[in-house]
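Going line by line, the protein sequences match chains P and A. For the first sequence, our numbering begins at 17 and goes up steadily by one. For the second sequence, our numbering begins at 3 and goes up steadily by one.
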Amino acid sequence: MIRMLLATFSALLLAWAPGAAHANEAVLDHSPLPEDKAALVRGAEIVATNCNGCHGLKYLRYRHLLNLGVSKDKVDEWRGSQSLDAVLASQMSDEAAKESFGGVVPPDLSLMASAREGGGHYLYSYLTAYHNTQDGVLGNTVFPETRMPDVLGMATATDAQQKAGIQAQAKDVSAFLIWAADPHAAERKHLGSYVLAYLAFMTVLLYLWKRRIWARIDQEPPIE
Amino acid sequence: MFKQTIDWIDQRFPLTSFVKHELTGYPTPRNLSYWWNFGFLAGFVLVLQLATGIFLAMHYKPDAALAFDSVQHIMRDVNYGWLLRYLHSTGASAFFVVVYIHMARTLYYGSYRKPRELLWWTGQILLLLLMAISFMGYLLPWGQMSYWGAAVITNLFRATPFIGDQLVVWLRGDYGVGDATLTRFFALHYLFPFIISAAVVIHLVALHSVKSSNPSGINLADKDNIPFHPYFTIKDMFGLGVYLMVFCWFVFFAPNAFIEAANNIPANPMQTPAHIVPEWYFLPFYAILRAVPDLIGGVIAMALSVLIFAAMPYMDRSRIPGGAHYRPFYRILFYLFAVDILVLGWVGSQPVTNTTVIVGQVATFVYFAAFLALPFISKIEERYLMSRKLPPALKSLLDAQGERSAK
């Protein structure tokens with residue numbers, strides 16, 4: 017009975033699924049993103065020296081980059097005269113940004129990886145989705161309304177090697193922004209494996225204890 | 003020394019007799035399955051939400067200009083703040099998972115039936131309180147979905163006759179959702195746990211008066227009851243271990259599974275998100291709201307869809323004891339209803355299209371039809387079962403009950 021209902025249900029769901037998909041939703045590239053420290057540091061450099069020109073990262077401070085593993089020399093170079101505790105504010109004033117981008121201030125990037133469906137995959141797909149249309153106009157399939165220029169040069173890249181290099185850069189940027197959105201994620205997963213191991217061990221002990229207590233149920237005197 | 007201390011207390015406070023009456027000598031049916039663990043688990047989740055919530059409140063700022071940043075402050079700068087916040091945000095979903103399973107068990111095994119009507123109704127009040135507190139808590143991070151979810155739901159009170167518009171302003175403290183709304187939701191979000199704790203005590207008093215139901219649906223003979231402690235304390239502890247493994251997997255490895263991406267964008271009253279969805283636990287009710295084209299009708303249908311559970315003890319007219327296990331028609335109805343809720347949940351999560359509107363309306367009809375058909379189906383089923391031979395297991399239980407009441 018249950019199986020039949022479930023089968024009917026899933027069949028109906030499958031039948032509806034194509035109609036339900038949003039017409040304007042671009043397909044994201046879900047190729048794996050790097051998680052190693054070297055990629056995060058490379059991504060930090062691209063973001064700090066390029067993206068940060070127009071985009072702020074208001075929840076990140078320069079000392080956080082030191083904790084990530086960026087060398088002191090580089091952080092000093094990026095922050096200039098600002099203190100290590102300064103946030104990575106956009107180097108462009110809001111007024112100047114509005115003038116350059118048609119009245120829109122480029123959004124803060126600190127939470128960008130968690131503020132879009134698809135997370136880092138969205139960012140990677142977006143950064144590499146620039147192309148020139150047949151009329152020679154720059155377009156982006158993931159976010160057609162974007163005002164951001166093709167910073168990495170995807171649309172103008174001609175040979176495969178150049179494209180691969182841009183894709184690698186986009187992956188590093190996405191990886192760094194995933195870290196920036198949730199900097200304790202690695203610590204969380206590390207702690208989580210210990211917590212789960214402990215819980216598994218404790219639960220097995222509790223199960224054995226439960227069996228032991230329930231084994232004497234037939235000797236239990238009636239409740240007065 | 004220990005005995006002397008206990009004696010000293012017992013002369014002034016009924017400690018020993020309380021422990022004996024409610025734990026070591028509290029009669030509990032020996033045949034309870036693991037489905038009976040979920041009441042205890044709901045209590046555990048409540049305590050965990052209280053504990054994490056109090057510490058979050060020490061670092062959170064209920065101010066429209068500061069709220070979003072203060073959540074990021076908790077996530078980044080407070081020691082283990084990310085853990086507190088993910089325990090609390092995942093805990094809200096876990097609360098509904100546990101409570102919905104607890105309710106499904108009650109419905110499946112007929113635990114709402116006489117003499118447990120008040121137990122069922124106090125549970126219903128707890129569900130309403132849980133819905134209110136989670137709705138208010140969801141505004142606090144002050145993200146886009148927080149803001150627009152609160153705007154949509156408070157707007158529903160516009161359906162109130164005569165005073166609708168004034169009522170909405172009174173609830174929000176302003177013409178739109180704003181700082182005044184945030185501060186009052188925070189105050190109430192901190193108040194409600196105390197009300198819920200008191201309601202839990204009432205729920206437990208009702209439970210300890212009528213005692214637990216059991217899978218057979220028939221009150222067992224005294225000899226088939228065992229003391230709650232140690233048998234069910236250890237069974238609950240083992241169940242807690244299993245629960246915590248699932249819960250902690252989400253907290254540590256997929257904590258964002260229950261946080262909408264749009265809620266990581268600060269609330270912006272000038273920009274409506276393309277697609278406003280409530281949290282997963284409200285989706286079936288949201289689908290019912292949207293299934294009715296008219297606002298007032300939708301609000302009434304949604305309110306009824308939650309409140310109609312209270313009528314279960316009277317809609318179920320069968321004299322066949324127990325739940326779905328012995329009742330084939332009721333069992334079909336139960337599974338049909340469960341599937342219907344899943345369909346409604348899916349409809350609630352989708353943007354409105356022609357398909358989802360029709361599916362939502364059919365599923366809403368099935369939802370209410372299942373309740374309204376129950377009085378008739380339960381009677382037909384009773385006649386059907388009586389005309390055939392009762393299952394031997396049920397017959398022996400019934401005979402035993404008859405003998406007990408004859409004595």
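Just so you know, even glycine gets a beta-carbon here, dropped at the ideal spot from N, CA and C. All of these numbers come straight from a predicted model, not from anything done at the bench.
One alpha carbon belongs to Gly325(A), the other to Leu141(A), and they sit about 39 Å apart. Non-local beta-carbon contacts of Gly83(A) in its own chain, meaning distances under 7 Å to residues more than five positions away in sequence, involve His61, Ile76 and Met77 in chain order. Residue contact check for Arg78(A) against chain P: a CB pair falls below 8 Å. Contact check for Arg160(A) against Gly166(A) passes: the beta carbons are separated by less than 8 Å. If you draw a 10 Å sphere on the C-beta of Gly85(P), you find fewer than 16 other C-beta atoms in it, and that means exposed.
Taking a contact as a CB-CB distance under 8 Å, the pair Ala223(A) and Ala395(A) does not count as one, their CB atoms being some 15 Å apart.
Val103(P) is bridged by DSSP to Arg77(P). For Asn265(A), the three-state secondary structure derived from DSSP is helix. The shortest C-alpha to C-alpha distance from Asp92(P) to any of Val103(P), Val189(P) and Tyr78(P) is the one to Tyr78(P).
Within the region 218-245 of chain A, those residues whose Cβ lies closer than 7 Å to any Cβ of chain P are, in chain order, Asp224, Lys225, Asn227, Ile228, Pro229, Pro232, Tyr233, Ile236, Lys237, Met239, Phe240, Gly243 and Val244. Contacts between Ser97(P) and chain A, judged by CB atoms closer than 7 Å, are missing: the closest CB pair is about 24 Å apart. Excluding five sequence positions before and after Val361(A), the CB atoms of its chain that fall closer than 7 Å to its own CB belong to Val345 and Val349, given in chain order. Straight across, the Cα-Cα distance linking Trp122(A) with Tyr114(A) is about 5 Å. A check of alpha carbon separations from Phe70(A) across Thr235(A), Ile343(A), Lys22(A) and Ser148(A) identifies Ser148(A) as the nearest. Non-local C-beta neighbours of Gly41(A) in its own chain, meaning closer than 7 Å and more than five positions away in sequence, comprise His104, ordered along the chain. Between Ala171(P) and Leu143(P), the C-beta gap is not smaller than 8 Å, which leaves the two residues out of contact.
For Asn221(A), the secondary structure class from DSSP, reduced to helix, strand or coil, is coil. Approximately 5 Å separates the beta-carbon atoms of Ala191(P) and Ala55(P); this is inside 8 Å, confirming the contact.
Excluding the 5 residues flanking it on each side, Ala42(P) has same chain C-beta neighbours closer than 6 Å at Thr157 and Val158, in chain order. Taking a cut-off of 8 Å for Cβ pairs, the region 197-204 of chain A and the region 275-292 of chain A do not touch, as fewer than three such pairs fall below it. Annotation: Leu44(P) is outside any alpha helix (DSSP H) and is labelled neither H nor E by DSSP. With contacts defined by Cβ atoms closer than 8 Å, Pro323(A) and Gly219(A) form a contacting pair. With fewer than 16 neighbouring CB atoms inside 10 Å of its own CB, Gly119(P) falls in the exposed class. A contact is defined here as three or more CB-CB pairs under 8 Å, and the region 228-243 of chain A meets this definition with respect to the region 18-31 of chain A. CA-to-CA, the gap between Phe46(A) and Phe284(A) works out to about 22 Å.
When DSSP states are grouped into helix, strand and coil, Asn148(P) belongs to the strand group.
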